[in-house]
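Residue numbers (this note's numbering), protein chains in the order written: chain A, 345 to 608; chain B, 107 to 551. Heads up, the beta-carbon is just placed ideally off N, CA and C, and yes, glycines get one too.
If you want it as structure tokens, here you go:
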């Protein structure tokens, strides 16, 4: 929701990034204020997931220029774990399976690390178990998932729920959901969306990266951005997503090119 | 393959005979077959050669360091205070045999009270069960071609003997604890486990060292032989832990014989020794036997740990599942050679082998050699080996949830090893080993 005078959480200016020497992000600008829900849409290869990973600090991506301020702090100067502790969260498009590490153990380690950073109380295994079970109810997850290895053998939908569970535990200021809707059937989508909506407050913000407008029926965005060739070329309200659904993306880039040539 | 005439060849007789010569004179047994067994083994020692890297089976494992060192034999068990031994005990294992430098230590042991079950040193077992022992002792771990088994058998004196009678289940695990206390000593531990038809047991074979033995220069040499016999429908869980000091030499031969529809589960963990070699030879002698062989090698510094396994599917409908993992740090060197033999007629064999290796440093080194030899037509055999570093996507994923990179790497390394350790059904031992793995991995990162 858009609140008047809400403070800026994320400010991206002129961001350029490469992977293996190939330019992916080209002069990207993006601003998020607290309380807002954003959707970034765009075709495959437009740079959406790269943007999400660059913000999370994935080592495969190199930032060549530009700046990212997160609550006034230089996000790019932080290690991935420091970003997480500072309140940044990425829900992975493809959550990683970590064989041999118990999900419950992992969730507690992660939770306590972030709690410690915030000067809050860490939980012992028993306390955490009660706490996490409550959170799991929100996502209609069976407690059995605590005893299994992280994401190992989880279905696509279970992995995504596990991501949102982590988000619920870590209570980030800014969460990026990278194609959280992909691989979800309609029931799972509804559950995940409900979970996300429950977590939205006026002090945090969500950015959804998605191909489809389907998710946006459940999590209603304040802003919809279209990404193309590594930059945001159009920003609108919820209606833009519906328009994209019917008309596709080509007209947006045609319109952008026309405007760009006029400006030039 | 043999290069018996090569000038650098160390004749085992020269080397191992010297070791033998230092042994206390054994009293001849009243049992002729036992005397014959020792004599045959002694003869083998004088004709066999110590293996070198020119032997295919020892291609990756250079033991010349061992042949340059001299060892003496303990003349008797050194007196070990109960307090020094007690921290090696495993609380779930109420029955325990302790051997100090290869000698039985009755004051530290706690034998079985269960009626009919034998858990004792060789000589009392011989007094009552010689006819049960005779067909098995020295008959499975063949020494005619193996200098180390021959040396062990030639010096055969004390030995851990377990005999579980037909259809008896031993409820608590039995701990066979071998403590090395002194440097420059050679110890020749020996185990014989006989699981009669339908019996069930868990045995822990545990090699440890007293801290003072390796804090100074010098090392000890353990040369051990274990024989395990599973009669029809018997079920044996065999846990082997080698945690000798980082300067020790440890050579081990284990031969397992599987009867009809028997089930043998083995978890072996190698943590210690400067140079170690574990030969595990499992032979399926009747139809429908099942074995699971899991192994973990965790080494660092300049350690070398070699695991050679051979699963011999000699009869139809056998199942073997094997997972062997190595975590190698420092400039250590791990070797895995896993042979699966499916003999002619061993139809419907189901053999799965997996070897996964994790290299923690650029200098760490692994040689892995899966070896499938299949002479039957209707079988299902798979094998695979991987060598790698920690997965950078996994490290990043954990970091993205707030874990420091070092903590993430430590957790992943630990998890890699824990997969094998988790298969040990004894909580306190599992916990101890998990702690060891955590400490070892943390110290290397």
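Where residue i meets chain B, residues with beta-carbon distance less than 8 Å
i	result
residue 417 of chain A	Residues of chain B passing the Cβ test: none, with the nearest at roughly 16 Å.
residue 434 of chain A	506
residue 428 of chain A	505, 506, 507, 508
Strand pairing of residue i, partner residues [DSSP]
i	result
residue 462 of chain B	B/431, B/492
residue 369 of chain B	B/341, B/396
residue 279 of chain B	Paired residues: none, contrary to the question.
residue 447 of chain B	B/418, B/479
residue 333 of chain B	B/298, B/361
residue 553 of chain B	Chain B is shown from 107 up to 551; residue 553 of chain B falls before or after that span and cannot be answered.
residue 227 of chain B	B/266
residue 510 of chain A	Per DSSP, none; premise fails for residue 510 of chain A.
residue 383 of chain A	A/552, A/568
residue 254 of chain B	None; residue 254 of chain B has no bridge partner.
residue 455 of chain A	According to DSSP, which records beta bridges pairwise, residue 455 of chain A is partnered with nothing at all.
residue 309 of chain B	B/280, B/344
Three-way DSSP call (helix, strand, coil) for residue i in this model
i	result
residue 151 of chain B	helix
residue 500 of chain B	helix
residue 585 of chain A	helix
residue 202 of chain B	strand
residue 358 of chain A	strand
residue 353 of chain B	coil
residue 542 of chain A	helix
residue 359 of chain B	strand
residue 536 of chain B	helix
residue 522 of chain B	helix
residue 112 of chain B	Residue confidence is low: residue 112 of chain B scores 40 on pLDDT, short of 50, so the model does not pin down where it sits. Its coordinate-derived value is still stated next. Residue 112 of chain B: coil per DSSP, three-state reduction.
residue 290 of chain B	coil
residue 432 of chain A	strand
residue 404 of chain A	coil
residue 502 of chain A	helix
residue 353 of chain A	strand
residue 594 of chain A	helix
residue 464 of chain A	coil
residue 245 of chain B	coil
residue 541 of chain B	helix
residue 476 of chain A	helix
8 Å Cβ cutoff met for residue i and residue j
i	j	result
residue 612 of chain A	residue 503 of chain B	Outside the displayed range of chain A (345 to 608) lies residue 612 of chain A, so it cannot be described from this structure.
residue 292 of chain B	residue 179 of chain B	yes
residue 412 of chain B	residue 167 of chain B	yes
residue 446 of chain A	residue 491 of chain A	yes
residue 309 of chain B	residue 342 of chain B	yes
residue 331 of chain B	residue 259 of chain B	yes
residue 282 of chain B	residue 203 of chain B	yes
residue 566 of chain A	residue 380 of chain A	yes
residue 501 of chain B	residue 527 of chain B	no
residue 434 of chain A	residue 520 of chain A	yes
residue 420 of chain B	residue 449 of chain B	yes
residue 597 of chain A	residue 577 of chain A	yes
residue 378 of chain B	residue 350 of chain B	yes
Residue i: contacting residues in chain B (beta-carbon distance under 9 Å)
i	result
residue 454 of chain A	504, 507, 508, 509
Residue nearest to residue i in terms of C-alpha spacing, selected from the options
i	options	result
residue 359 of chain B	B/283, B/279, B/251	B/251
residue 255 of chain B	B/430, B/147, B/450, B/401	B/147
residue 389 of chain B	B/290, B/353, B/452, B/404	B/452
residue 171 of chain B	B/542, B/308, B/533, B/409	B/409
residue 394 of chain B	B/376, B/414, B/369, B/313	B/369
residue 504 of chain A	A/368, A/379, A/525	A/525
residue 162 of chain B	B/349, B/475, B/331, B/273	B/475
residue 274 of chain B	B/290, B/311, B/214, B/337	B/337
residue 184 of chain B	B/289, B/277, B/538, B/241	B/289
residue 232 of chain B	B/245, B/193, B/136, B/545	B/136
residue 286 of chain B	B/269, B/339, B/326, B/153	B/326
residue 245 of chain B	B/272, B/378, B/225, B/299	B/299
residue 364 of chain B	B/466, B/424, B/488	B/424
residue 444 of chain A	A/550, A/494, A/488, A/570	A/494
Contact list for residue i against chain B, beta-carbon separation under 7 Å
i	result
residue 463 of chain A	Here the premise fails: no neighbours, minimum Cβ distance about 14 Å.
residue 424 of chain A	502, 505, 506
residue 458 of chain A	508
residue 510 of chain A	507
Proximity test, residue i beta-carbon vs the ligand SAM heavy atom, cut-off 7 Å
i	result
residue 394 of chain B	The ligand SAM is not part of the structure shown, which contains no ligands of any sort.
Proximal chain A residues relative to residue i, where beta-carbon distance stays under 9 Å
i	result
residue 498 of chain B	403, 404
Interface partners of residue i on chain A, CB under 8 Å
i	result
residue 575 of chain B	Summary: the structure shown does not reach residue 575 of chain B, with chain B confined to residues 107 through 551, and so no result is reported for it.
Partners in chain D for residue i, counting only beta-carbon separations shorter than 7 Å
i	result
residue 524 of chain B	Judged by its chain identifiers, the structure shown contains no chain D, and its protein chains are A and B.
Beta-carbon neighbours of residue i, restricted to chain A and to distances below 7 Å
i	result
residue 517 of chain B	445
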